[in-house]
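Here the numbering used here is used: the first residue of the sequence shown is 7, the next is one more, and so on.
Beta carbons: idealized from backbone N, C-alpha and C, even for Gly.
Values in this document were obtained by computation on a predicted structure and should not be read as measured data.
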Amino acid sequence: MSSNDGIDKLRAIEQQFDRERASVVDRKSLEDIRTRYLSRKSGLLTLQLQNLGQLPREQRAEFGQAANKVKAKIEASLETLQTAIVEREQHSSLEGEAIDVTLPGNRKRIGHRHPLTIVRKEIEDIFISMGYTVEDGPEVESTYYNFDALNIPAGHPARDPRDTFYISEQTLLRTHTSPVQVRTMEKIQPPVRIICPGRVFRRDQFDPTHSPMFHQVECLVVDQGITFGDLKGTLERFHKLFFGEKTRTRLRPSFFPFVEPGAEVDVSCGFCGGPGCRVCKGTGWIEVMGSGMVHPNLYGFVNYDAEKYTGFAFGGGIDRYAMLKYDINDLQLFFQNDMRFLQQF
Ligand code: DAH
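In structure tokens form, the structure reads like this:
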């Protein structure tokens, strides 16, 4: 072999490399081509350099220089390819992570209160502002507090198991919030000024105005010199604050065993303002509560001096207040948890 043959081979290798480098697209093909030309054992160029020893002495320098030139060229070319590949990889991974800040974001839904909770808190706030405290009582109640101590005699229709959920003979799900009157009077001496909102239970079929579970709020005031006028004034003030200043309140004689005298409470119809409409069934008035002066018999159950103290009480449905306030015509909507309904509040 002469150095000329060798140099021809080097040229051929160089040209081959120039063709093949076009197919280098990623790290893998880059490593392949590097191995093919430069690997220490079998690289095409390495093999040529091994021939150096077989050349006549005087030709070695020329061939060696030429081979080193090709090697340097290939190495530089591989370097350039490597840089390009790394750049391309970085670019495409950045592209994958790119965030388009002009796209609309994912709107997070913020939870909010149930309409019954809104109304309950509103009622609580009104009474708290008038100096009342908010009491609580058990939903599983004894017949003593639910009936006996409220002057509801044995055999009274309200005690009928067809209307009341009994747990045992003397335990039931409270049918109203009135038992909290007695529990409160057992706990504290007058002056008493409390309200008690809570769940109550009756064996009613579901319909637009009935549910076996619903909500009431009870009010009890006992002190020296409390009169029926205080009852009326309190109800008037409350209804004006809750429904609006134009609202009037009317009391109609009625009977409840735990008050004497007792009265049904009506508010003027906020929908028609008087002349009569679908909601007030043409009367201009809507019944919202039962009320009255605390029956003296109750004081006997709790060791209050019936000669010294008088008081008033009233109780009504929170659900009903919410229906009137928001013009909702089906009680069931409160309990179905349909988001389309709940989102409106
Ligand atoms: N507890 C009665 C009911 O559930 C409502 C009621 C009437 C409450 C008269 C009272 C009252 O405090 O004085 O129907």
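Counting only runs of 3+ residues, no beta strand (DSSP E) is found wholly inside the stretch 28-57. The Cβ atoms of Leu16 and Val76 sit closer than 8 Å to each other. Val227 and Val198 do touch by the CB rule: their CB atoms are close to 6 Å apart, below 8 Å. Taking 7 Å as the cut-off, one finds at least one heavy atom of the ligand DAH near enough to the beta carbon of Ser184. For Ser135, the Cβ stays outside the 7 Å cut-off from all heavy atoms of the ligand DAH. Listed in chain order, the non-local C-beta contacts of Asp311 below 8 Å within the same chain comprise Tyr305, local neighbours out to five positions each way being set aside. When DSSP reads this structure, Pro203 sits in a beta bridge with Val223. Going by DSSP, Met329 is part of the alpha helix (DSSP H) stretching over Ile324 to Tyr332. In this structure, Phe277 sits away from Met299, with a CB-CB distance that is not shorter than 8 Å. Around the Cβ of His182, a 10 Å sphere holds 16 or more other Cβ atoms; the residue is buried. For Ile13, the CB contacts under 8 Å within the same chain, skipping 5 residues up- and downstream, are Glu68, Phe69 and Ala72 in chain order. According to DSSP, residue pairing for Glu270 in a beta bridge involves Arg258 and Gly296.
Within 10 angstroms of the beta-carbon of Leu84 lie 16 or more other beta-carbons, which makes it buried. Distance from the CA atom of Val140 to the CA atom of Arg113, rounded to whole angstroms, is 37 Å.
Within its own chain, the residues whose Cβ lies closer than 8 Å to the Cβ of Phe234, once the five positions on either side in sequence are excluded, are Pro267, Met299 and Phe318, listed in chain order.
Ranked by how close their Cα comes to the Cα of Glu81, the residues Pro214, Pro167, Tyr43 and Asp32 have Tyr43 in first place. At a Cβ-Cβ threshold of 8 Å, Glu145 and Arg180 count as neighbours. Taking 4 residues as the minimum length, the alpha helix (DSSP H) runs contained wholly in the stretch 174-218 are 185-193, in order along the chain. Pro214 sits close to Asn335, with the two beta carbons spaced by under 8 Å. Exclusion of Phe351 from the 7 Å shell around the ligand DAH follows from its C-beta lying no nearer than that to any non-hydrogen atom of the ligand.
Within 10 angstroms of the beta-carbon of Phe261 lie fewer than 16 other beta-carbons, which makes it exposed. When DSSP states are grouped into helix, strand and coil, Ser83 belongs to the helix group.
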